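S.K.: The structure that follows is given in the form of structure tokens.
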Amino acid sequence: QVQLVESGGGLVQAGGSLRLSCALSGRTFSIYLMGWFRQAPGKEKEFLGLISGGGVTNYADSMKGRFTISRDNAKNTVYLQMNSLKPEDTAVYYCAARRPGAAEFAYWGQGTQVTVSS
3 QVQLVESGGG
13 LVQAGGSLRL
23 SCALSGRTFS
33 IYLMGWFRQA
43 PGKEKEFLGL
53 ISGGGVTNYA
63 DSMKGRFTIS
73 RDNAKNTVYL
83 QMNSLKPEDT
93 AVYYCAARRP
103 GAAEFAYWGQ
113 GTQVTVSS
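With this note's numbering applied, the sequence shown corresponds to residues 3 to 120, in that order.
What follows is the structure in structure tokens.
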């Protein structure tokens with residue numbers, strides 16, 4: 003059973019930075035494609051980006067330049083580095099895992115709250 007646990011959320015002032023972490027347990031981490039999503043109050047879940055087991059990244063256009071996804075396969079952890087944060091980045095941030103060849107992200111973390119104050 004795959005389990006994902008996010009950490010690193012919190013309250014930050016506009017212009018600040020946060021790094022979110024997501025640890026995967028229960029399976030071989032390196033085979034999974036990992037994604038980051040967020041959901042703001044009253045809005046649909048938004049795709050931020052993903053990273054393959056080999057470290058290839060793909061970002062939503064709106065995220066390019068401020069957000070960076072990386073992973074450490076030795077630590078079974080994927081990261082989301084967020085810089086120049088804005089109040090509109092306030093949301094619950096989720097990581098998700100997708101098996102190779104699968105069409106969807108089948109495994110999700112519980113989410114971590116990020117609040118950006120103006």
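Heads up, the beta-carbon is just placed ideally off N, CA and C, and yes, glycines get one too. Keep in mind the model is a prediction, meaning the values are calculated, not measured.
Buried or exposed: which applies to THR59, given that a residue is buried once 16 or more other Cβ atoms fall within 10 Å of its Cβ?
M.R.: Exposed, since its Cβ has fewer than 16 Cβ neighbours within 10 Å.
S.K.: Put ASN78 into one of helix, strand or coil per three-state DSSP.
M.R.: Coil.
S.K.: Mind checking which residues open and close the beta strand (DSSP E) that includes TYR117?
M.R.: Residue 117 is actually Thr in this sequence, not Tyr. Its beta strand (DSSP E) spans residues 114-119.
S.K.: Going straight from the alpha carbon of PHE107 to that of MET84, what length do you get?
M.R.: The alpha-carbon atoms of PHE107 and MET84 are separated by roughly 22 Å.
S.K.: Is it right to say ILE134 is buried, meaning 16 or more other beta carbons lie within 10 angstroms of its own, or is it exposed?
M.R.: With the chain running from 3 to 120 in the structure shown, residue 134 is simply not present.
S.K.: For VAL7 and GLN112, what's the separation of their Cα atoms in angstroms?
M.R.: Straight-line Cα distance between these residues: approximately 7 Å.
S.K.: Report yes or no: do three or more beta-carbon pairs, one from the stretch 113-120 and one from the stretch 42-57, lie closer than 8 Å?
M.R.: Too few Cβ pairs lie closer than 8 Å, so no.
S.K.: Does the beta-carbon distance from LEU52 to GLY67 come in below 8 Å?
M.R.: It is not a contact, given that the beta carbons lie outside the stated cut-off.
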